[in-house]
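Worksheet: the structure to be examined is printed underneath.
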Amino acid sequence: MDKNEILQSLEEKVFKIERITQMKNCREKTLLPHYLTDIKKIGNYTNIYKLKEICYYRVKVEPYHKRKKAVICFNCSGFYHSARNCYMHPRCIKCNGEHATRGCSINEKIVEPVCINCGEKAI
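Those letters in the sequence shown? Residues 1 to 123, per full-length UniProt numbering, in order.
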């Protein structure tokens with residue numbers, strides 16, 4: 001489905017569209033079959049949630065729930081996924097070793113911690 005087709009279909013249904021963006025998988029950089037649509041709050045804009053089809057596709061329209069913080073994996077310390085879905089090798093956030101943080105030999109608090117992803121000092 002093309003963004004222009006979605007735009008045309010929604011405008012035919014009398015919605016004023018500001019922007020349509022196709023969602024991406026952050027880790028794999030691939031496009032997902034989900035679209036984020038910004039609608040102007042004019043008229044009966046809340047009727048968008050009652051839509052059952054767009055361009056002859058069945059759809060479910062939901063409000064966007066933005067995360068307040070970036071998700072950090074407790075296995076590899078990467079961003080935008082959780083340890084439950086992680087298949088990477090473990091990385092320790094204390095010493096950057098190839099083991100889980102809970103198995104690290106460093107037991108005391110680190111005075112000046114450094115980010116293992118970017119190498120900068122923590123604030």
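By construction, the Cβ of each residue, glycine as well, lies at the ideal position given by its N, Cα and C atoms.
Note that this is a predicted model, so its numbers are computed, not measured.
Please state if the CB of residue 48 and the CB of residue 37 are separated by a distance shorter than 9 Å.
One-based indexing of the sequence shown puts residue 37 at position 37. One-based indexing of the sequence shown puts residue 48 at position 48. Yes, Cβ-Cβ distance for residue 37 and residue 48 is below 9 Å.
Can you tell me where the alpha helix (DSSP H) with residue 7 in it begins and where it stops?
Indexing the sequence shown from 1 puts residue 7 at position 7. It spans 3–12 - the alpha helix (DSSP H) in which residue 7 sits, taken as one unbroken run.
Consult DSSP for residue 67 and reduce its assignment to one of helix, strand or coil.
Indexing the sequence shown from 1 puts residue 67 at position 67. It is coil, neither helix nor strand.
May I have the straight-line CA-CA distance separating residue 20 from residue 3, to the nearest angstrom?
Position 20 of the sequence shown, counting from 1, holds the residue named residue 20. Position 3 of the sequence shown, counting from 1, holds the residue named residue 3. Computed Cα separation, rounded: 7 Å.
In whole angstroms, give me the CA-to-CA distance for residue 41 and residue 23.
For this step, residue 41 is matched to residue 41 along the sequence shown. For this step, residue 23 is matched to residue 23 along the sequence shown. Spanning the two alpha carbons is a distance of roughly 22 Å.
Give the secondary structure of residue 24 by DSSP, where H, G and I count as helix, E and B as strand, and everything else as coil.
Here residue 24 corresponds to residue number 24 of the sequence shown, with the count starting at 1. If DSSP states are grouped into helix, strand and coil, residue 24 belongs with the strands.
Does the Cβ-Cβ distance between residue 9 and residue 39 come in under 9 Å?
As a first step, residue 9 is located in the sequence shown; it is residue number 9 there, counting from the start. As a first step, residue 39 is located in the sequence shown; it is residue number 39 there, counting from the start. No.
Which residue's Cα is closest to the Cα of residue 99: 45, 81, 76?
By one-based count along the sequence shown, residue 99 stands at place 99. Nearest C-alpha to residue 99: 76.
Measure the beta-carbon distance from residue 35 to residue 6 and round it to whole angstroms, keeping in mind my assumption that it falls under 8 Å.
Looking up residue 35 in the sequence shown gives position 35. Looking up residue 6 in the sequence shown gives position 6. Rounded, the Cβ-Cβ distance is 6 Å, consistent with contact.
For residue 68 and residue 82, I'd like the C-alpha separation in whole angstroms.
As a position in the sequence shown, residue 68 is number 68, starting the count at 1. As a position in the sequence shown, residue 82 is number 82, starting the count at 1. Computed Cα separation, rounded: 15 Å.
Rounded to the nearest angstrom, what separates residue 26 and residue 85 at their Cα positions?
For the purposes of this step, residue 26 is taken as residue 26 along the sequence shown, with counting starting at 1. For the purposes of this step, residue 85 is taken as residue 85 along the sequence shown, with counting starting at 1. Cα to Cα, residue 26 sits roughly 14 Å from residue 85.
Checking 9 Å against the spacing of the C-beta atoms, do residue 16 and residue 51 come in under that value?
Locating residue 16 in the sequence shown gives position 16, where the first residue counts as 1. Locating residue 51 in the sequence shown gives position 51, where the first residue counts as 1. Going by C-beta atoms, residue 16 is not nearer than 9 Å to residue 51.
Using a Cβ-Cβ cutoff of less than 7 Å, which residues in the same chain neighbour residue 73 once the five nearest sequence positions on both sides are dropped?
Reading the sequence shown from its first residue, position 73 is the one you call residue 73. For residue 73, where only same-chain residues beyond five positions count, the Cβ hits under 7 Å are 81, 82, 83, 86.
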